[in-house]
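Remarks on the structure that follows.
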DNA sequence: GTTCTGAAAGAAAACGTTTTCGTGAGGGAG
DNA sequence: CTCCCTCACGAAAACGTTTTCTTTCAGAAC
């Protein structure tokens with residue numbers, strides 16, 4: 001049951017057993033074999049708690065996400081776990097559910113378990129929790145919003161790249177009246193996406209008047225509501241890009257309910273590429289922000305920070321590309337060079353060059 | 355940083371600090387206050403590893419799921435975590451990804467961390483891992499497939515109840531040619547669902563000939579393939595119930611692609627009620643098997659087993675009801691008393707009584 | 001005033017490891 | 001043959017707690 005039992009049966013000291021397990025080279029091969037044999041037949045597994053008590057390293061990373069039930073996160077959790085086990089790390093998962101009580105509780109739990117680092121993958125900055133961890137010098141990695149401090153790494157998302165691809169894809173399909181359904185604008189990541197959209201449009205000389213810029217909330221209901229607005233416009237957009245996939249799915253639903261067919265009458269593109277984007281009808285063209293990649297980077301950030309001997313003045317910075325993945329929710333703009341079919345032939349205000 | 359620091363500053367022994375933290379009543383109120391004050395201002399959090407090393411209880415439960423990215427599981431994870439934190443438990447999540455290597459590795463990890471119990475929420479019996487945990491006398495809870503042994507609890511699912519509701523709902527809508535797309539039949543839970551379907555049909559005097567019983571694999575692709583078969587039948591079913599929601603979503607997709615409209619031409623009902631069932635178009639009528647409830651029961655099973663002083667000969671048994679939730683994917687059977695619209699008016703072979 | 005009782009606090013053991021330090025044996029160099 | 005070094009191993013300290021066992025001290029009983 002404990003190392004003592006193994007030691008007794010192998011007729012060695014517990015030190016030798018420990019050395020054997022940890023592969024310390026100074027133990028004679030023959031002895032090592034004997035010890036291993038006893039370990040096997042006893043089915044002995046070392047007690048990690050005792051181990052990390054003395055070593056000072058728990059081999060646990062914390063992972064804080066907004067909510068596991070949000071389809072964006074499971075892939076991250078899975079990816080993070082995958083790499084963690086490969087490196088003999090355990091992961092403590094926590095979802096804040098947007099509740100700051102829970103958030104601080106979960107931070108406390110992690111500190112009590114003496115995690116070696118924490119990945120905070122939650123859109124919407126939670127400044128409060130930071131203090132506690134920071135002051136304890138726990139390596140941290142944020143996505144998009146971390147401060148530049150020692151032991152704090154950051155994963156930057158290159159929103160523009162993918163969104164630009166989306167916009168240019170749409171433009172190539174002769175769309176010029178392109179709307180954008182944003183996320184809640186107080187979210188940094190949502191704001192960044194909207195800005196990227198605007199910039200991408202601007203780059204190719206397309207203007208977007210304010211009525212084509214509507215604020216959603218990153219849920220399906222938000223997408224539905226926003227799409228209602230858009231479809232009620234005198235000049236309907238022929239394409240709409242959404243700040244995330246759930247919004248896009250809502251938009252598709254509303255289109256369907258109003259008999260506007262995607263992609264023939266209107267093209268829709270999402271953002272995130274959650275798994276469900278493939279399962280929706282029609283499969284959603286969307287900008288991928290690889291969740292697996294985020295997980296990989298987050299782990300790498302923590303891991304290198306743990307290995308580091310001399311504390312660097314600031315953590316590492318990583319950048320994640322986004323890129324368009326084509327599926328079936330986009331198509332050529334409707335032929336009359338203007339809006340969806342049920343609209344009166346009242347010409348749009350946007351000059352087109354082609 | 356450690357309890358010693360607190361003791362020194364409060365000018366007491368570490369024993370007193372420990373007692374204060376654990377609320378042992380023999381410490382004088384005044385002293386207690388003094389100690390707490392120091393704890394606060396030091397921001398001291400006890401080291402859980404040291405704690406559980408001596409107490410012998412880790413206050414960690416393991417949770418083994420098939421794969422977090424399967425939309426069925428996140429709700430379970432979330433639910434389990436919710437209750438766990440309420441009870442001051444931590445949870446170690448692991449997904450086997452149907453890989454027995456990973457499975458046994460994860461069991462090992464859990465044993466090394468000395469979990470107080472493990473919930474195995476994975477359809478598809480994994481006999482192998484059981485041995486290891488069982489022999490170590492770790493409380494276990496299975497869903498549907500656990501053996502009746504000491505310290506092993508079981509959550510039984512009442513498949514029949516919900517599926518019967520579904521079948522009767524369909525019958526009430528004048529459907530009589532009802533097909534069933536099963537899951538992989540080597541899965542116990544899949545088999546049980548099919549049996550429940552057959553029984554429910556039988557109860558109301560409906561027969562189901564073999565061509566209306568097709569085997570899927572619990573994925574969307576499986577649903578698509580199965581639906582292809584069904585739609586190619588000389589007499590199409592007017593309704594199909596599926597062994598899980600992903601299958602149903604696949605079936606809906608294939609219907610859509612063939613221009614068969616749900617629910618007007620064909621009714622579809624799913625099983626599980628994963629979150630996405632609401633988001634699909636049209637929203638899926640399905641049999642709910644509450645994931646939150648499963649999580650709740652699993653935790654309760656483990657928790658009561660941990661509390662138990664005298665080992666019972668067998669663990670507890672719980673039963674989870676299933677029940678139909680109506681949404682938009684079912685409707686009256688098409689009027690011609692027979693199959694979907696695009697089919698030649700070649701009358702079916704099933705006598706109908708109404 | 002002495003002894004006894006009980007409450008409150010401290011000392012120390014224990015939990016299962018890793019790791020430092022020490023020790024004995026074996027072997028090479030002189 | 002002796003000395004010394006190296007190598008393999010064991011003894012014991014340390015990690016941060018909880019808990020058992022002691023000790024101390026105040027007050028009650030006589």
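Residue numbers (this note's numbering), protein chains in the order written: chain C, 1 to 354; chain E, 355 to 708.
Quick reminder that beta carbons are idealized off the backbone N, C-alpha and C, glycines included.
- Answer with yes or no whether the minimum CB distance from residue 446 of chain E to chain C is below 8 angstroms. On the second chain, residue 446 of chain E is found 92 positions in, with the first residue counted as 1. Output row for residue 446 of chain E: interface = yes.
- Item | Residues near residue 361 of chain C in its chain [Cβ-Cβ closer than 8 angstroms; skip 5 each side] | Because chain C is modelled from 1 through 354, residue 361 of chain C falls outside the range shown and cannot be assessed.
- Task: Can you grab the Cα-Cα spacing for the pair residue 662 of chain E / residue 283 of chain C, in whole Å?
- Result: Locating residue 662 of chain E in the second chain gives position 308, where the first residue counts as 1. Locating residue 283 of chain C in the first chain gives position 283, where the first residue counts as 1. Going by the C-alpha atoms only, they are around 51 angstroms apart.
- Query: Does the Cβ-Cβ distance between residue 332 of chain C and residue 174 of chain C come in under 8 angstroms?
  - Reply: For the purposes of this step, residue 332 of chain C is taken as the residue at position 332 of the first chain. For the purposes of this step, residue 174 of chain C is taken as the residue at position 174 of the first chain. Yes, the Cβ-Cβ distance between residue 332 of chain C and residue 174 of chain C is below 8 angstroms.
- Message: Using only the alpha-carbon positions, how far apart do residue 539 of chain E and residue 582 of chain E sit?
- Response: Counting from one through the second chain, the residue named residue 539 of chain E turns up at place 185. Counting from one through the second chain, the residue named residue 582 of chain E turns up at place 228. Distance between the alpha carbons of residue 539 of chain E and residue 582 of chain E is about 19 angstroms.
- So what does DSSP say about residue 399 of chain E, is it helix, strand or coil? Your numbering for residue 399 of chain E matches position 45 in the second chain. Coil at residue 399 of chain E, not helix or strand.
- Taking only beta-carbon positions, decide if residue 491 of chain E is within less than 8 angstroms of chain C. Position 137 of the second chain, counted from the first residue, corresponds to residue 491 of chain E. Not an interface residue.
- Task: Please go through the segment 56-138 of chain C and give each complete beta strand (DSSP E) segment of 3 or more residues, from N-terminal end onward.
- Result: 60-65, 90-95 and 117-121
- How big is the Cα-Cα spacing for residue 490 of chain E and residue 457 of chain E? Residue numbering aside, residue 490 of chain E sits at position 136 when the second chain is read from its first letter. Residue numbering aside, residue 457 of chain E sits at position 103 when the second chain is read from its first letter. Answer to the nearest angstrom: the Cα atoms are 17 angstroms apart.
- Could you say if the segment 69-85 of chain C and the segment 414-423 of chain E meet the contact criterion of at least three C-beta pairs nearer than 8 angstroms? yes
- Task: Under 8 angstroms between beta-carbons, which chain C residues line up against residue 440 of chain E? List them in chain order, please.
- Result: Translated into the one-based positions of the second chain, residue 440 of chain E becomes position 86. What residue 440 of chain E touches in chain C: nothing, since even the nearest Cβ is about 10 angstroms away.
- Task: Confirm, please, whether the CB-CB distance from residue 568 of chain E to residue 585 of chain E is below 8 angstroms.
- Result: Position 231 of the second chain, counted from the start, is the residue given in the question as residue 585 of chain E. Position 214 of the second chain, counted from the start, is the residue given in the question as residue 568 of chain E. Against a cut-off of 8 angstroms, the Cβ pair of residue 568 of chain E and residue 585 of chain E comes out as no contact.
- Establish whether the CB of residue 423 of chain E and some CB of chain C are separated by less than 8 angstroms. To locate residue 423 of chain E, count along the second chain from 1; it is residue 69. So, interface residue.
- Same chain only: Cβ atoms within 8 angstroms of residue 92 of chain C, ignoring 5 sequence neighbours per side: Residue numbering aside, residue 92 of chain C sits at position 92 when the first chain is read from its first letter. Counting only Cβ-Cβ distances below 8 angstroms, and skipping sequence neighbours, we find 60, 61, 62, 63, 109, 110, 113 and 115.
- Query: How is the alpha helix (DSSP H) around residue 577 of chain E delimited, first residue to last?
  - Reply: Taking the second chain and counting its residues from 1, one reaches residue 577 of chain E at position 223. Per DSSP, residue 577 of chain E belongs to the alpha helix (DSSP H) from 574-586.
- Query: Using a beta-carbon distance below 8 angstroms, is residue 256 of chain C in contact with chain E?
  - Reply: In the first chain, counting from the first residue as 1, residue 256 of chain C sits at position 256. Yes, residue 256 of chain C counts as interfacial toward chain E.
- Item | Among E/384, E/566, E/365 and E/390, nearest to residue 376 of chain E - alpha-carbon criterion | Walking along the second chain from the start, residue 376 of chain E turns up at place 22. The residue with the shortest Cα to Cα distance from residue 376 of chain E is E/390.
- Message: Under DSSP, the alpha helix (DSSP H) around residue 254 of chain C begins and ends at which residues?
- Response: The sequence position of residue 254 of chain C within the first chain is 254, counting from 1. Start and end: 245-257.
- Query: Cβ atoms of residue 234 of chain C and residue 178 of chain C: under 8 angstroms apart, would you say?
  - Reply: For the purposes of this step, residue 178 of chain C is taken as residue 178 along the first chain, with counting starting at 1. For the purposes of this step, residue 234 of chain C is taken as residue 234 along the first chain, with counting starting at 1. Result no, Cβ atoms of residue 178 of chain C and residue 234 of chain C do not sit closer than 8 angstroms.
- CA nearest to the CA of residue 607 of chain E, picked from E/626, E/595 and E/574: The residue labelled residue 607 of chain E in the question sits at position 253 within the second chain. When only C-alpha atoms are compared, the closest one is E/574.
- Message: Please classify residue 305 of chain C as buried or exposed, where buried requires at least 16 other C-beta atoms within 10 Å of its C-beta.
- Response: Position 305 of the first chain, counting from 1, holds the residue named residue 305 of chain C. Buried is the call here.
- Query: Just curious, the alpha helix (DSSP H) that residue 646 of chain E is in, first and last residue?
  - Reply: Locating residue 646 of chain E in the second chain gives position 292, counting from the first residue. Where residue 646 of chain E is concerned, the enclosing alpha helix (DSSP H) stretches over 645-661.
- Task: Leaving aside the five residues before and after residue 684 of chain E along the sequence, list all residues of the same chain whose C-beta is less than 8 angstroms from its C-beta, in chain order.
- Result: The count along the second chain starts at 1 and reaches residue 684 of chain E at position 330. Only 523, 524, 527, 593, 617, 621, 622, 623 and 639 meet the Cβ criterion.
- Query: Name the residues in the segment 390-420 of chain E whose C-beta lies less than 8 angstroms from a C-beta of chain C; which are they?
  - Reply: 397, 399, 400, 401, 402, 403, 404, 406, 407 and 412
- With 16 other CB atoms within 10 Å as the buried threshold, where does residue 564 of chain E fall? Numbered from 1 along the second chain, position 210 holds the residue referred to as residue 564 of chain E. Exposed, by the Cβ-count rule.
- How far does the beta strand (DSSP E) with residue 624 of chain E in it reach, from first residue to last? Translated into the one-based positions of the second chain, residue 624 of chain E becomes position 270. Its beta strand (DSSP E) spans residues 621-626.
- Message: Can you tell me which residues form a DSSP beta bridge with residue 144 of chain C?
- Response: Your numbering for residue 144 of chain C matches position 144 in the first chain. Residue 144 of chain C pairs with nothing; no bridge assigned.
- Would the beta-carbon of residue 142 of chain C fall within 8 angstroms of that of residue 152 of chain C? Locating residue 142 of chain C in the first chain gives position 142, counting from the first residue. Locating residue 152 of chain C in the first chain gives position 152, counting from the first residue. Yes, the Cβ-Cβ distance between residue 142 of chain C and residue 152 of chain C is below 8 angstroms.
- Can you round the beta-carbon distance between residue 577 of chain E and residue 628 of chain E to whole angstroms, since I take them to be within the 8 angstroms contact cut? Working through the second chain from its first residue, we reach residue 577 of chain E at position 223. Working through the second chain from its first residue, we reach residue 628 of chain E at position 274. Residue 577 of chain E to residue 628 of chain E, Cβ: 13 angstroms. No contact.
- Message: Quick check: the Cα distance between residue 501 of chain E and residue 454 of chain E, rounded to an integer number of angstroms?
- Response: Within the second chain, numbered from 1, the residue matching residue 501 of chain E stands at position 147. Within the second chain, numbered from 1, the residue matching residue 454 of chain E stands at position 100. Distance between the alpha carbons of residue 501 of chain E and residue 454 of chain E is about 19 angstroms.
- Item | 8 angstroms Cβ cutoff, residue 75 of chain C in contact with chain E | Here the question's residue 75 of chain C lines up with position 75 in the first chain. Interface residue, yes.
- Task: Spell out whether any CB of chain E is found under 8 angstroms from the CB atom of residue 289 of chain C.
- Result: Taking the first chain and counting its residues from 1, the one referred to as residue 289 of chain C is at position 289. It does not: the Cβ of residue 289 of chain C has no partner Cβ on chain E nearer than 8 angstroms.
- Minimum C-alpha distance to residue 492 of chain E - residue among E/412, E/396, E/436 and E/476: Residue numbering aside, residue 492 of chain E sits at position 138 when the second chain is read from its first letter. Closest option to residue 492 of chain E, Cα to Cα, is E/412.
- Task: Taking only beta carbons into account, state which residues of the segment 318-335 of chain C come closer than 7 angstroms to chain E, listed in chain order.
- Result: none
- Item | Three-state class that DSSP yields for residue 674 of chain E in the structure shown | Position 320 of the second chain, counted from the first residue, corresponds to residue 674 of chain E. Note: residue 674 of chain E maps to strand in three-state DSSP.
- Query: By DSSP, does residue 279 of chain C sit in helix, in strand, or in coil?
  - Reply: The residue given as residue 279 of chain C occupies position 279 in the first chain. Three-state result, residue 279 of chain C: coil.
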